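*Asks:* Before I ask anything, let me first share the structure, which is written out below as structure tokens.
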DNA sequence: CAACTGCCAACTGTCGACAGTTAACACCTT
DNA sequence: AAGGTGTTAACTGTCGACAGTTGGCAGTTG
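Residue numbers (my numbering), protein chains in the order written: chain A, 523 to 735; chain B, 523 to 735.
See below:
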């Protein structure tokens, strides 16, 4: 059996509310009505308020005095600025991964790349899920829990930005090549090249997000 | 007159509790008794619990089910791992600062360096305050609000680690030179050199923190 | 005397209620 | 009719109280 991850209602509320925000069920710009959400989650306002505070410090909500919390709306400039942070973190992760990777890490990375290509060539869109999986695998190889945690938080915010976009556009074929190149650099144990490749990759992804709207 | 920054008690509680943790008044390992702290702050448990949640997601507190919150205790390994994150962020900041700095930024940086030297040569310890000021000034020049925010959070955690150390050791003379070298690289508009210099600086500071205890 | 058991105090987790603020609507004035 | 004003409903901010859990202490038993 699967025990609930969080025993406390506040903990559950964090996950549930995060889900509501990231799926866009509470869209950017919308306010979080405490009584309504609390009722929907079947809890009282106390635990919900604690959850709101936590999500606010994860930058998934914005608090305004006497007006509660609302989901932030993203501007183009926000995307650019956020990717500066993401680049700083993930380039460092790529660098560390190149230094610390094991054979198992490389195998895992190549697996994800292969599955991505299969999915893509099967005619489907390159699913965002596999992109996340790739970056997760890379973080695992980097073995820096603090960096991994921060990347997770930033990726969350990127998901929020994506939810603000009308359509979930297909990842370009280029990303697949980027990922392969990254694995090569990591496998070769070349931190400098890994970092540079990651930087180019993220620049491309960022530009792509900015191109749409 | 200075109005209170936060109108809400929860907001005040965040600041007050953060202060208690960072000054070591609630030392690492100690539990946060909700009724006691709430009484000390003159508020009820509700807002305090919200504050606790927020500080927990800033990694200044650790939550344990049914046992409340306690201040995390740091191991040597934690320091090393945390500095990996700090290095990733501040190297990126140094890089950006070298690209974006204005003359005013450089002037400001040199000012801080000069004051640091004056203070040091006056026989006093190189105060941590001025070290923080330097890094803050550099972040200002980088003009990346998200990176700046994350650095602020990481520096907070470093302060917490420092509070766990018995003594607040004098900064070595080497840090002064590091800072000067950093300003030079930034002033020269050389991102690569700025990043590398920052990396060396932080490696030194980290080693220093690990050496004591 | 050690270990096990049952009780108890302290504390956390949660809820419902009250007070204060905000924003919108209706109403009055000019 | 436009603008200002008073009123009111909705919502947030806060508190006190209750229930459930935890860990320690005393008492008991082998």
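Beta carbons: idealized from backbone N, C-alpha and C, even for Gly. Keep in mind it's a predicted model, so treat the numbers as computed, not measured.
Roughly how many whole angstroms lie between the Cα atoms of residue 550/B and residue 731/A?
*Replies:* Numbered from 1 along the second chain, position 28 holds the residue referred to as residue 550/B. Numbered from 1 along the first chain, position 209 holds the residue referred to as residue 731/A. Going from the Cα of residue 550/B to the Cα of residue 731/A covers about 43 Å.
*Asks:* Report yes if the C-beta distance between residue 716/A and residue 616/A is below 8 Å; otherwise report no.
*Replies:* Within the first chain, numbered from 1, the residue matching residue 716/A stands at position 194. Within the first chain, numbered from 1, the residue matching residue 616/A stands at position 94. Contact: yes.
*Asks:* Quick check on DSSP: helix, strand or coil for residue 725/B?
*Replies:* Taking the first residue of the second chain as position 1, residue 725/B is located at position 203. Residue 725/B: helix per DSSP, three-state reduction.
*Asks:* Is any beta-carbon of chain B found at less than 8 Å from that of residue 667/A?
*Replies:* Indexing the first chain from 1 puts residue 667/A at position 145. Taking Cβ atoms only, chain B reaches closer than 8 Å to residue 667/A, which makes this a yes.
*Asks:* Mind reading off the beta-carbon distance from residue 529/A to residue 587/B? Whole number of angstroms is fine, and I expect it under 8 Å.
*Replies:* Position 7 of the first chain, counted from the first residue, corresponds to residue 529/A. Position 65 of the second chain, counted from the first residue, corresponds to residue 587/B. So it is a contact: roughly 5 Å between Cβ atoms.
*Asks:* Establish whether the CB of residue 660/B and some CB of chain A are separated by less than 8 Å.
*Replies:* Taking the second chain and counting its residues from 1, one reaches residue 660/B at position 138. No, residue 660/B does not count as interfacial toward chain A.
*Asks:* State the Cα-Cα distance for the pair residue 698/B and residue 638/B, rounded to the nearest angstrom.
*Replies:* Start at 1 with the first residue of the second chain, and residue 698/B comes out as number 176. Start at 1 with the first residue of the second chain, and residue 638/B comes out as number 116. Rounded to the nearest angstrom, the two C-alpha atoms are 7 Å apart.
*Asks:* Any residues in the region 568 to 581 of chain A with a beta carbon nearer than 7 Å to a beta carbon of chain B? Which ones, in chain order?
*Replies:* Of all residues in the region 568 to 581 of chain A, 568, 571, 572, 575, 576, 579 and 580 have a Cβ within less than 7 Å of some Cβ in chain B.
*Asks:* In the DSSP output, which residue or residues are listed as bridge partners for residue 590/B?
*Replies:* The residue you call residue 590/B lines up with position 68 of the second chain. According to DSSP, which records beta bridges pairwise, residue 590/B is partnered with 586/B.
*Asks:* Going by beta carbon distance, what residues of the same chain come within less than 8 Å of residue 635/A, once the five residues before and after it are set aside?
*Replies:* By one-based count along the first chain, residue 635/A stands at place 113. For residue 635/A, where only same-chain residues beyond five positions count, the Cβ hits under 8 Å are 656, 698, 701, 702 and 705.
*Asks:* Here's a check: name, in chain order, each residue in its chain whose Cβ is nearer than 8 Å to the Cβ of residue 581/A, leaving out the five neighbours to either side.
*Replies:* Walking along the first chain from the start, residue 581/A turns up at place 59. Cβ within range, chain order: 594, 675 and 679.
*Asks:* Do the region 555 to 571 of chain B and the region 535 to 545 of chain B meet, that is, are 3 or more Cβ pairs less than 8 Å apart?
*Replies:* Cβ pair count under 8 Å is three or more, so yes.
*Asks:* Strictly below 9 Å CB to CB, what residues from chain B border residue 604/A?
*Replies:* Residue mapping note: residue 604/A aligns to position 82 of the first chain, counting from 1. In chain order: 668.
*Asks:* With burial defined as no fewer than 16 other Cβ atoms inside 10 Å of the residue's Cβ, what is the status of residue 729/B: buried or exposed?
*Replies:* Stepping through the second chain from its first residue, residue 729/B is reached at position 207. Classification of residue 729/B: exposed, given that the 10 Å Cβ count is below 16.
*Asks:* For the alpha helix (DSSP H) containing residue 702/B, name the first residue and the last one.
*Replies:* As a position in the second chain, residue 702/B is number 180, starting the count at 1. Note, residue 702/B: alpha helix (DSSP H), 695 to 709.
*Asks:* Cβ of residue 712/A within 7 Å of any heavy atom in the ligand MN?
*Replies:* Looking for the ligand MN in the displayed structure turns up nothing, as the structure carries no ligands at all.
*Asks:* Following the continuous alpha helix (DSSP H) through residue 663/A, name the residue where it begins and the one where it ends.
*Replies:* Along the first chain, one-based indexing puts residue 663/A at 141. 650 to 664 is the span of the alpha helix (DSSP H), which, as asked, contains residue 663/A.
*Asks:* Report all residues from its chain with a CB closer than 8 Å to the CB of residue 686/A; omit the five preceding and five following residues, and keep chain order.
*Replies:* On the first chain, residue 686/A is found 164 positions in, with the first residue counted as 1. These residues qualify, in order along the chain: 546, 549, 550, 595 and 596.
*Asks:* So residue 672/A contacts chain B; which residues on that side make the cut at Cβ distance below 7 Å?
*Replies:* In the first chain, the residue the question calls residue 672/A occupies position 150. By Cβ distance, chain B contributes 607 and 672.
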